[in-house]
Each structure stands twice: as C-alpha cells, then as structure tokens.
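Q:
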Amino acid sequence: EDQVTQSPEALRLQEGESSSLNCSYTVSGLRGLFWYRQDPGKGPEFLFTLYSAGEEKEKERLKATLTKKESFLHITAPKPEDSATYLCAVRGDYKLSFGAGTTVTVRA
Amino acid sequence: GAVVSQHPSRVICKSGTSVKIECRSLDFQATTMFWYRQFPKKSLMLMATSNEGSKATYEQGVEKDKFLINHASLTLSTLTVTSAHPEDSSFYICSARQREAYQETQYFGPGTRLLVL
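Protein chains in written order, with our numbering: chain A, 1 to 108; chain B, 109 to 225.
Right under this line is the structure:
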C-alpha cells in the first residue's frame, strides 16, 4: 500500500525565515508526486507535480524538489499569506494517497 | 489552473433526510472525478472514484447504498448522502482529473460542509 509521511506536523516561522517541509513516500510505480495548499474550510489548491528524481519546480516563494524517496517543499522568505496546510500526495496505480499535511504559520 | 466548483458550500439537514452535493469541472472535461471526506485536522480520505457513464468505485468501508454517486456527464458528478445521520456530518470535497498530454492533475472543489442534526 502506498504511504506518505509528512514532517513536521506544524511549523511556526517568522516572516522572512526560510524553511523546508518534508514528504517521505513509498509507492509502487510513482506516477506523480503532488503538492497542494489548503486553507481552513477550503478545498486543496494545486501547487506542483513532480514526476522524476532530480526534478524541481518553483512558484513565487515556493520550490519543490524530488528524490527517489522524498520530496521537499522549500519556502523562501515566507510572508503571513503563506500560512496554510501543505499537503503532499503520490499517485500510484489508480489513486492519490495523501500525507497528513504540515500546517505552516508565518508571523509578521 | 483548472476550476472545479461545488454546490452547496454548506448544508444543514435533519436526520433521516437525503442531501445531494454537486461537483462541476468548469473549464475542462473530466472522465474521472473523486469524492473525499475530511475530518477536522485530518487529511483527505478517498470515498469513491466516479467514472463518466459507469458505476462508481467505492473504497473499502464506504457504504455504496448510503453514498450514491452519479457521473452523468463529463463535467458533473453528484454525491447523494441518503438517510443522513449525525455521524455523516463532515467536510466533503470533490476533485476532477484533468489530462493534458502525458500529465494528469487532480483539481479540487472548495468543499461542502454538511451538518446533520
């Protein structure tokens, strides 16, 4: 069974304090690793898809990287509006398997 | 990115009644849509996979007679919670799979908050 583990569970940052979120996974036949952002009471918002080890994607202050066993979401110089829960998911044979998420709080 | 809508955003109903939730892909066609349930401070739990024109595939432990899914067109899937009870109160989220070239991406709706009294 596909498994996704995210760490840490929660992350409190000062505005401008860069950090990284980790997503470790085991999957039979990776067909994509996905990062989503979820705000309270809302559905997940798509951020990135990574397909192969060594791949990197960037969007504003976010950068996602992928190895054969894990992915990192780097947040550079975060702002309060980056506060959210970040979800990692892997696509195996037929469905997405989600991690529990990392809740990021950025203080001004 | 692609847009998925859900209606209603929140619904309150009495125990024993049925509630229908609609999920629409607004700017793309989706042969496959998914229904998830999310408990407070928990991640998404896949309930079922909805395929246009065929029966939905339910995850283990999900009652197909209680959670009726219909995917009648390439842009609309519905989830009906039949004979709802307080334990069915939850946040229900749908998603639609978009295929472009060799890439597949699931886009999520904004969710529906169901409260059963």
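Cβ atoms here follow ideal geometry from the backbone N, Cα and C, with glycine treated the same way.
Note that this is a predicted model, so its numbers are computed, not measured.
If I'm right that GLU15 of chain A touches PRO78 of chain A with Cβ under 8 Å, what's the distance once you round it to whole angstroms?
A: The pair is a contact, with the Cβ atoms about 7 Å apart (cut-off 8 Å).
Q: Find the nearest neighbour of GLU81 of chain A within the set A:LEU33, A:LEU62, A:SER71 and A:SER97, judged by alpha-carbon distance.
A: For the residues A:LEU33, A:LEU62, A:SER71 and A:SER97, the minimum Cα distance to GLU81 of chain A belongs to A:LEU62.
Q: Rounded to whole angstroms, what's the CA-CA distance from TYR51 of chain A to LEU222 of chain B? Just pull it up for me.
A: So the alpha carbons of these two residues sit roughly 35 Å apart.
Q: Using DSSP bridges, identify the partner residues of GLU56 of chain A.
A: A:THR65, per the DSSP bridge assignment.
Q: Within 8 Å of any Cβ in chain A, is that where the Cβ of GLY161 of chain B sits?
A: So no, GLY161 of chain B is outside the interface.
Q: Considering only their Cβ atoms, is the gap separating ASP39 of chain A from SER97 of chain A smaller than 8 Å?
A: It is not a contact, given that the beta carbons lie outside the stated cut-off.
Q: Can you list, in chain order, the residues of the stretch 137 to 155 of chain B whose Cβ is nearer than 8 Å to any Cβ on chain A?
A: Listed by position, the residues of the stretch 137 to 155 of chain B near chain A (Cβ gap below 8 Å) are PHE142, LYS150, SER151, LEU152 and LEU154.
Q: List the residues of chain A whose Cβ lies closer than 7 Å to the Cβ of PRO218 of chain B, in chain order.
A: Result: LYS42 and GLY43.
Q: Measuring CA to CA, which of A:ARG37, A:GLY101 and A:GLN6 is closest to LYS59 of chain A?
A: The shortest C-alpha separation from LYS59 of chain A is found at A:ARG37.
Q: Report the option in B:GLN211, B:ALA204, B:GLU208 and B:TYR210 whose CA atom is closest to the CA atom of GLY219 of chain B.
A: The residue with the shortest Cα to Cα distance from GLY219 of chain B is B:ALA204.
Q: Could you check whether ALA100 of chain A and SER117 of chain B sit closer than 8 Å to each other, using their CB atoms as the reference points?
A: Against a cut-off of 8 Å, the Cβ pair of ALA100 of chain A and SER117 of chain B comes out as no contact.
Q: Would you mind sorting GLN114 of chain B into buried or exposed? The rule is 16 or more other CB atoms within 10 Å of its CB.
A: With 16 or more Cβ atoms within 10 Å of its Cβ, GLN114 of chain B is classed as buried.
Q: Within the stretch 164 to 214 of chain B, note down every full alpha helix (DSSP H) run reaching 4 residues or more, in order along the chain.
A: Counting whole runs of 4 or more residues, the stretch 164 to 214 of chain B contains no alpha helix (DSSP H) stretch at all.
Q: What separation, rounded to the nearest whole angstrom, lies between the Cα atoms of SER185 of chain B and GLU17 of chain A?
A: Cα to Cα, the separation comes out at about 42 Å.
Q: Do LEU47 of chain A and THR102 of chain A come within 8 Å of each other at the CB atom, strictly closer than that value?
A: For THR102 of chain A and LEU47 of chain A, no; Cβs fall outside 8 Å.
Q: Whose Cβ in chain B lies nearer than 8 Å to the Cβ of ALA100 of chain A?
A: What ALA100 of chain A touches in chain B: LYS150 and SER151.
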